[in-house]
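Residues are numbered in my numbering as their position in the sequence shown, beginning at 1, plus a constant of 205. For every residue, glycine included, the Cβ atom is placed at its ideal position computed from N, Cα and C.
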Amino acid sequence: MHNQPDQTRRLLLTLPLLAASSKLFAVSPSAAPAKEHHPVKPDRTLLLKNADMIATMDHERREIRHGSILIKGNVITAVGKAEELPQQADEVIDLKGHIAIPGLINTHHHMYQSLTRVIPPAQDGELFKWISNLYPIWQKMTPEMIRVSTMMSMAELILSGCTTTSDHLYLYPGGCKLDDSIDAAARMGMRFHASRGSMSLGQSRGGLPPDSLVEDEAAILTDTQRVIERYHDARRGSMLRIVVAPCSPFSVTQDLMRESASLARSYKVSLHTHLAENDNDVRYSQEKFNRTPAQYVEELGWVGHDVWHAHCVKLDDYGINLFARTGTGIAHCPCSNMRLASGIAPVRTMLNAGVNVGLGVDGSASNDTADMIAEVRQAMLLQRVGFGPDAMTARQALELATLNGAKVLNRDDVGAIAPGMMADIVAFDLNRPGLAGAGHDPLAALVFCNPGTVAYSVINGRVVVEKGQMTVMDLDKTVAQHNALAATLYP
Ligand SMILES: [Zn+2]
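As structure tokens, this is what we get:
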């Protein structure tokens with residue numbers, strides 16, 4: 206090891222940790238972290254050196270020209286001008302010609318849906334028609350499909366700059382379990398918030414899903430408790446947390462919403478669901494519950510720092526103020542909202558009111574591209590379509606996918622490149638055709654232009670993409686497996 210301790214210590218002092226303000230859950234006595242397949246050694250040093258630019262997203266939002274980042278084990282120990290950092294380490298990656306940014310954070314997804322992309326009867330409908338045409342196909346899902354589609358989706362996300370992701374798995378036919386997703390995430394080495402979703406309200410009881418695809422509520426709660434106790438790791442730097450996540454107001458009962466909240470809070474884990482996605486969703490809430498979506502979740506206790514809701518395209522002013530006051534988060538999914546013609550979420554208004562809004566790609570049956578850096582672009586563009594050219598800048602859009610995403614997931618250890626943060630960093634090659642001519646502002650170019658896939662990705666200190674290639678899997682083999690499985694669902 207060849208780093209310079211004094212220099213590192215000085216940088217540590219001048220660049221204080223992010224954090225402190227946001228809450229971190231205490232370690233649950235029952236936490237039993239899933240085994241990480243390829244952890245890095247705690248004293249191994251990795252130097253990412255000579256980057257043309259490092260966009261830190263730290264307190265001062267520093268953008269460092271010709272910078273380096275030093276990592277020890279899975280933690281960033283120093284970031285600064287290349288000449289001020291050590292020149293050697295156990296492993297060195299030269300980032301000349303690249304821009305480094307914090308790994309992007311995806312706060313909403315349904316990874317199994319990558320098996321059912323562009324299904325013809327579900328290409329052109331709005332939410333309720335779209336989902337009703339897909340339920341019968343999803344009914345044929347198997348545990349192998351969950352594992353392979355999770356690996357496939359994670360590969361797609363990682364190549365697009367994502368290092369932390371949530372997944373919302375809410376249907377469990379044919380013996381499928383959340384454990385199948387968790388196993389895939391451990392293989393991929395991705396930081397994972399696994400949402401134990403659920404559906405309990407079948408068509409015969411006024412819900413949208415077929416009766417055959419819903420679960421018994423007692424069984425849902427028992428299994429949710431099981432996965433929390435088995436897997437949830439609340440510690441700083443956690444690679445795996447469990448989230449309690451009934452699917453939506455139109456697919457579960459109010460009882461299950463209440464019980465889920467109380468279960469989650471007894472274990473100090475987060476809560477997640479879909480809310481106010483489009484006009485039909487709001488109408489359903491008014492007709493069934495005589496409540497707006499905001500009133501509905503407020504009454505059920507589904508607000509607070511430990512809760513985030515996907516979409517909220519139609520969240521009203523009361524809801525926006527409620528979310529701001531209570532610290533309730535939102536996963537904004539611009540591509541899915543456009544694809545299903547749900548509308549334009551008032552993200553600028555939400556941010557101005559003090560609501561924390563992160564970004565999500567949503568499931569691949571309604572996006573149908575799990576590309577995080579492209580989603581950042583769409584978030585910026587869609588706000589401008591809705592609310593004018595100054596509604597969102599490139600840097601603000603990138604903040605949604607980094608700092609805000611971390612906060613949505615109740616984390617203060619990812620989302621920025623600063624000493625003490627976990628080593629989740631991605632780098633894009635600035636010499637790609639899609640970025641040509643934009644060298645005067647490479648950070649804005651990442652959002653305005655098409656940067657393609659990442660050249661490098663480091664997750665938890667481990668290099669998972671090197672020179673554009675995944676190092677943790679046989680990508681071609683997984684694509685072939687995935688396509689064969691997809692063909693059995695929709696021949
Ligand atoms: Zn969704």
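Pairwise C-alpha distance: Ser-471 and Phe-653: Phe-653 and Ser-471: Cα-Cα distance of roughly 44 Å.
Inter-residue spacing [alpha-carbon to alpha-carbon] between Gly-175 and Ile-578: Here the chain has residues from 206 to 696 only, and residue 175 is not among them.
Beta-carbon separation (whole angstroms), Val-487 vs Lys-519, contact threshold 8 Å: The pair is a contact, with the Cβ atoms about 5 Å apart (cut-off 8 Å).
Close beta carbons around Leu-362, own chain, < 7 Å, minus the five adjacent residues each side: Asn-311, Thr-370, Ala-575, Met-577
Helix, strand or coil at Trp-343 according to DSSP, with G and I counted as helix: Trp-343: helix per DSSP, three-state reduction.
Beta-carbon gap between Asp-511 and Ser-475 smaller than 8 Å: yes
Ile-259 in three-state terms, based on DSSP: strand
Buried or exposed (CB count within 10 angstroms, at least 16 for buried), Thr-714: Only positions 206 to 696 of the chain appear in this structure, which leaves residue 714 out of reach.
Ala-391 to Ala-424 span [Cα, whole Å]: 26 Å
Spatial distance of Asp-573 from Leu-564 (CA atoms): 15 Å
Beta-carbon spacing of Val-710, Leu-527 below 8 Å: Given that the chain is displayed from residue 206 to residue 696, the structure contains no residue 710 and the question cannot be resolved.
Reduced DSSP category for Pro-451 - H, G, I as helix; E, B as strand; rest coil: strand
Distance cut-off 7 Å: Asp-567 Cβ against heavy atoms of ligand 1: yes
Span of the beta strand (DSSP E), counted from its first residue to its last, around Pro-307: Segment 303–307, the beta strand (DSSP E) holding Pro-307.
Nearest candidate by alpha-carbon position, reference Ser-509, set Ile-664, Arg-496, Gly-524: One detail in the question is off: residue 509 reads as Gly in this sequence, not Ser. Selected option, being the one with the closest Cα: Gly-524.
One or two residues paired with Thr-458 in a DSSP bridge: None, per the DSSP bridge assignment.
Identity of the residue in Met-462, Thr-282, Ala-469 nearest Tyr-501 by Cα: That would be Met-462, whose Cα lies nearest to the Cα of Tyr-501.
Cβ-heavy atom distance, Asn-315 to ligand 1, below 7 Å: Correcting the residue type first, residue 315 is His in the shown sequence and not Asn. At least one heavy atom of ligand 1 is nearer than 7 Å to the Cβ of His-315, so yes.
Buried or exposed (CB count within 10 angstroms, at least 16 for buried), Arg-530: Exposed: under 16 other Cβ atoms inside 10 Å.
Residues of its chain near Ile-664, where Cβ-Cβ distance is below 7 Å and the 5 sequence neighbours each way are ignored: Gly-308, Thr-368, Gly-394, Met-395, Arg-396, Asp-629
Reduced DSSP secondary structure (H/G/I, E/B, other) of Ala-643: coil
Proximity test, Ala-515 beta-carbon vs ligand 1 heavy atom, cut-off 7 Å: A heavy atom of ligand 1 is found nearer than 7 Å to the CB of Ala-515.
In DSSP terms, what Met-627 is bridged to: Val-280
Residue of Lys-682, His-303, Glu-288, Arg-249 minimising C-alpha distance to Leu-635: The shortest Cα separation from Leu-635 among Lys-682, His-303, Glu-288, Arg-249 belongs to His-303.
Sheet register partners of Asn-561 (DSSP bridge): Gly-534
Minimum C-alpha distance to Ala-734 - residue among Asp-299, Val-659, Gln-344, Ser-365: For residue 734 there is no data in the structure shown, the boundaries of the chain being 206 and 696.
Counterpart residues of Ala-584 in DSSP-defined beta bridges: For Ala-584, no pairing in a beta bridge is given by DSSP.
N- and C-terminal bounds of the beta strand (DSSP E) containing His-373: His-373 -> beta strand (DSSP E) spans 367–374.
Cβ-based burial, Ala-660 [other Cβ within 10 Å; buried from 16]: buried
Rounded separation between Pro-341 and Glu-482 - CA only: 22 Å
Beta-bridge pairing of Trp-513 - partner residues as DSSP gives them: His-477, Gly-534
Nearest-angstrom Cβ-Cβ length linking His-514 and Leu-480, presumed shorter than 8 Å: 4 Å
Contact between the stretch 405–412 and the stretch 447–460 (3+ Cβ pairs under 8 Å): yes
Coil, strand or helix - Val-432 by DSSP: helix
Alpha-carbon spacing of Leu-468 relative to Gln-430, whole angstroms: 7 Å
Where the alpha helix (DSSP H) through Glu-361 begins and ends: 348–364
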